[in-house]
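One line per chain: the protein sequences are A and B, in this order.
Quick note on numbering: this note's numbering labels position 345 of the first sequence as 345, and the sequence is numbered without any gaps.
Quick note on numbering: this note's numbering labels position 5 of the second sequence as 5, and the sequence is numbered without any gaps.
Glycine included, every Cβ here is placed at the ideal spot set by N, Cα and C.
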Amino acid sequence: MSMSEFDEQLNNESNDLLSLAALEQEVPPDFGEDDLVFVHELNSIFSPEQEELPPYFVQTLLASEDQLFRSVEPGFEHRTRARVFRRLKLRRRLFHAPRSAFDAFITGLSNIYARGSLLVSVVALTLIMLVTVAFTAPSFAAGMAVLLHGSRGGVYQVTTYPKGVRTFPHQHKSTHNNANNQPRQITLLTAQQQLHFKIYWPQSMPRNYNLESIYLYHGTEQSWSNGPIIELVYSLTGVKPKGTGQIVIREMLPNEEVLPVVLDKAVHPIQVDRYGQPAAIFINGQWQWFGKYQNRWLYGGRSELIYQQNGVLFWIAGDQNDGIGEKDLWNLAQSFQTIPVNRYTLMMGDMTYVTQANLYDVLDPFAHDPMRIFTDDNPDSAYYFSVSSDQSVTPQVGTHGH
Amino acid sequence: MESLLEQSERREELRLALATLPELDRYLIYQRYFKFASTEELAAKTGLTRHAVDTRLWRARKSLREALKEHTHEYERI
Chain A
1 MSMSEFDEQL NNESNDLLSL AALEQEVPPD FGEDDLVFVH ELNSIFSPEQ EELPPYFVQT
61 LLASEDQLFR SVEPGFEHRT RARVFRRLKL RRRLFHAPRS AFDAFITGLS NIYARGSLLV
121 SVVALTLIML VTVAFTAPSF AAGMAVLLHG SRGGVYQVTT YPKGVRTFPH QHKSTHNNAN
181 NQPRQITLLT AQQQLHFKIY WPQSMPRNYN LESIYLYHGT EQSWSNGPII ELVYSLTGVK
241 PKGTGQIVIR EMLPNEEVLP VVLDKAVHPI QVDRYGQPAA IFINGQWQWF GKYQNRWLYG
301 GRSELIYQQN GVLFWIAGDQ NDGIGEKDLW NLAQSFQTIP VNRYTLMMGD MTYVTQANLY
361 DVLDPFAHDP MRIFTDDNPD SAYYFSVSSD QSVTPQVGTH GH
Chain B
1 MESLLEQSER REELRLALAT LPELDRYLIY QRYFKFASTE ELAAKTGLTR HAVDTRLWRA
61 RKSLREALKE HTHEYERI
């Protein structure tokens, strides 16, 4: 160690001693020797003023003493707001006093109008909502489907007669109105062979009703029906009817959901299961046309039951004027059975012939009924359909004609 | 005589050691050894007893010294 170095070291030591002595004058009386040494060690290597690198722990410790980080005094926010409003000359209430709901509403509206961007946003949002409602409203307002238990049948409840009901085009009548398409008689065996299901026969029929005729309907465009449709017509015999005097049973195997469109209040589900699906649906009345464009639901008169068994859908129509109501049709529906054709032929003899016709030539009770058809390919493409092209004619039960 | 680099390293070591201390201990260390607060004042500010303040300070000093000692040993090994 050179002299100069020794002197320097000595000076340093003397400086340290001086600084320690000065420190002792500042420290509180409860500082012990260990405390003093520790202070000395800290000061030799560390001082808050020399802190250069983050995370600045000393500054963090100092923060509690820094005025900038102290919590504001009570009322500071109000005073600051008042000062700012005064300086900017804003006319607003500084403090919210209790107001009525109406005042709040009016103030809110005025604030909204005052803020142009907000108004534009609200208008845009409203427009989007309106467009959405316009596009989706028909599906909500159109009605509600009620499906039978385990079937693709049921009814479609509406409050008014639907618009845009599709029909078979008129040219079909002229096109198919040739000798080959004229109604013709076929045997029951032939009819059964054309059907994709076995014919169901009611075993219980109201008194004095007897089988009058059988129809087999074809329709080239009826994708909703798997194969032809069979129709059994029973008529009152020996008694003068007060109504149409007929009970008509239509049987079909639906390919898609084929739902008669009915007035919502005219529907009465029968034996509803825990899933809300009925075993049958009774319909009181039918759509009645007044002129060419107006219609309304006519209660009484026609009675109808929608029923299914083993996938076969039954539409059974009677006349309440003849005393055929829900109970009669329900009893009838519960008695359906399939019977071998040869056995039925033996039982009925000559009554085993069937009239084969095109569906769009039919004038049976169901011909003018609007239907709601839900296609399997696209559930959103449901449409209304009526077999008859002449909507203004309301046929009565039993007015079969071809 | 420590070079500036050594001093800077020791300072950084102390900073890291301080960072490992609980916040309350950091506060006590700072108030006691940088602001020279008495134990009584610290007890009043923190709500601790004087004995608790002393104990915490002793532990904090020990922890910091150990950190610095480790640094010194590492330095000597080099």
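Subject >> Cβ of Phe38/A within 8 angstroms of any chain B Cβ >> reply: yes
**OP:** Counting only the same chain and skipping the five closest in sequence on each side, list residues whose C-beta sits under 8 angstroms from that of Leu298/A.
**Re:** Gly285, Gln286, Trp287 and Gln288
**OP:** Could you work out which residues of chain B lie near Val403/A, taking near to mean beta carbons separated by less than 8 angstroms?
**Re:** The question about residue 403/A has no answer, for chain A in this structure spans 1 to 402.
**OP:** Return the CA-CA distance between Pro269/A and Thr159/A, expressed in angstroms with no decimal places.
**Re:** Spanning the two alpha carbons is a distance of roughly 17 angstroms.
Original post:
Using DSSP with H/G/I as helix, E/B as strand and the rest coil, what is Ile29/B?
Top reply: Reduced to three states, the DSSP call for Ile29/B is helix.
**OP:** Would you decide whether Asp54/B is buried or exposed? Buried here means 16 or more other CB atoms lie within 10 Å of its CB.
**Re:** buried
Original post:
Are the C-beta of Thr46/B and some C-beta of chain A separated by less than 8 angstroms?
Top reply: no
Original post:
Would you say Thr39/B reaches chain A, if we count a Cβ-Cβ gap shorter than 8 angstroms as a contact?
Top reply: Output row for Thr39/B: interface = yes.
Original post:
Using a Cβ-Cβ distance under 8 angstroms, would Leu14/B count as near chain A?
Top reply: yes
Original post:
If you drop the 5 nearest sequence neighbours on each side, which residues of the same chain put their C-beta closer than 8 angstroms to that of Gln185/A?
Top reply: Tyr353, Val354, Thr355 and Gln356
**OP:** Go through its chain and collect everything with a Cβ distance to Arg32/B's Cβ below 7 angstroms, but skip five positions before and after it.
**Re:** Leu42 and Leu57
**OP:** Starting from Thr46/B, trace the alpha helix (DSSP H) both ways and give me its first and last residue.
**Re:** Per DSSP, Thr46/B belongs to the alpha helix (DSSP H) from Thr39 to Thr46.
Subject >> Integer-rounded CB distance, given that Gln277/A should sit under 8 angstroms from Leu147/A >> reply: 6 angstroms
**OP:** Run through the segment 304-368 of chain A for me and flag every whole alpha helix (DSSP H) of 4 or more residues, listed as ranges in chain order.
**Re:** 326-334 and 341-348
Subject >> At least 3 beta-carbon pairs within less than 8 angstroms: the segment 256-264 of chain A vs the segment 227-235 of chain A >> reply: no
Original post:
Is it true that the CB of Asp364/A sits closer than 8 angstroms to the CB of Val262/A?
Top reply: no
**OP:** Check the Cβ-Cβ distances between Arg59/B and every residue of chain A, and say whether any is below 8 angstroms.
**Re:** For Arg59/B, the nearest beta carbon of chain A is not closer than 8 angstroms to its own beta carbon.
**OP:** Specify the secondary structure class of His149/A as computed by DSSP and reduced to three states.
**Re:** coil
Subject >> DSSP three-state assignment for Val122/A, whether helix, strand or coil >> reply: helix
**OP:** Report the neighbours of Arg10/B on chain E: residues whose CB is nearer than 7 angstroms to its CB, in chain order.
**Re:** Among the protein chains of the structure shown, namely A and B, there is no chain E.
**OP:** Express the C-alpha separation of Lys62/B and Gln9/A in angstroms, rounding to a whole number.
**Re:** Note that Gln9/A has pLDDT 42, beneath the 50 cutoff, so the model's placement of it is unreliable and the number below is only indicative. Rounded to the nearest angstrom, the two C-alpha atoms are 28 angstroms apart.
Original post:
So, is the C-beta of Leu125/A closer than 8 angstroms to a C-beta in chain B?
Top reply: Contacts with chain B at 8 angstroms (Cβ-Cβ) do not include Leu125/A.
**OP:** Kindly indicate the opening and closing residues of the beta strand (DSSP E) around Ser235/A.
**Re:** Ile229 to Leu236
Subject >> Of the residues Ala60/B, Glu9/B and Gln7/B, the one placed nearest Phe38/A, counting alpha carbons only >> reply: Ala60/B
Original post:
The beta strand (DSSP E) spanning Arg81/A covers which residue range?
Top reply: Annotation: Arg81/A is outside any beta strand (DSSP E); the continuous alpha helix (DSSP H) that includes it extends over Phe76 to Leu88.
Subject >> Status (buried if at least 16 other CB within 10 Å, exposed otherwise) for His51/B >> reply: Burial is judged here by how many other beta carbons sit within 10 angstroms of a residue's own beta carbon; His51/B has fewer than 16 and is exposed.
**OP:** Please determine, among Glu212/A, Arg302/A, Tyr217/A and Val155/A, the residue with the shortest C-alpha to C-alpha distance to Phe192/A.
**Re:** In the sequence under discussion, the amino acid at residue 192/A is Gln, which differs from the Phe named in the question. Gln192/A has its Cα closest to that of Tyr217/A, out of Glu212/A, Arg302/A, Tyr217/A and Val155/A.
Original post:
Taking Cβ-Cβ distances shorter than 9 angstroms, what residues in chain B pair up with Leu42/A?
Top reply: What Leu42/A touches in chain B: Leu14, Ile29, Tyr33, Phe34 and Leu64.
Subject >> CA-to-CA distance, Leu119/A to Leu90/A, given in whole angstroms >> reply: 21 angstroms
Subject >> Inter-residue Cα distance where the pair is Ile230/A and Tyr293/A >> reply: 31 angstroms
Subject >> Limits of the unbroken beta strand (DSSP E) element including Leu263/A >> reply: Glu257 to Leu263
**OP:** Would you check if the distance between the CB atom of Val155/A and the CB atom of Ile283/A is smaller than 8 angstroms?
**Re:** The answer is yes: Cβ separation under 8 angstroms.
**OP:** Taking all protein chains shown into account, decide if Asp273/A is buried (16 or more other Cβ within 10 angstroms of its Cβ) or exposed.
**Re:** Asp273/A sits exposed, since fewer than 16 C-beta atoms from the chains shown fall within 10 Å of its C-beta.
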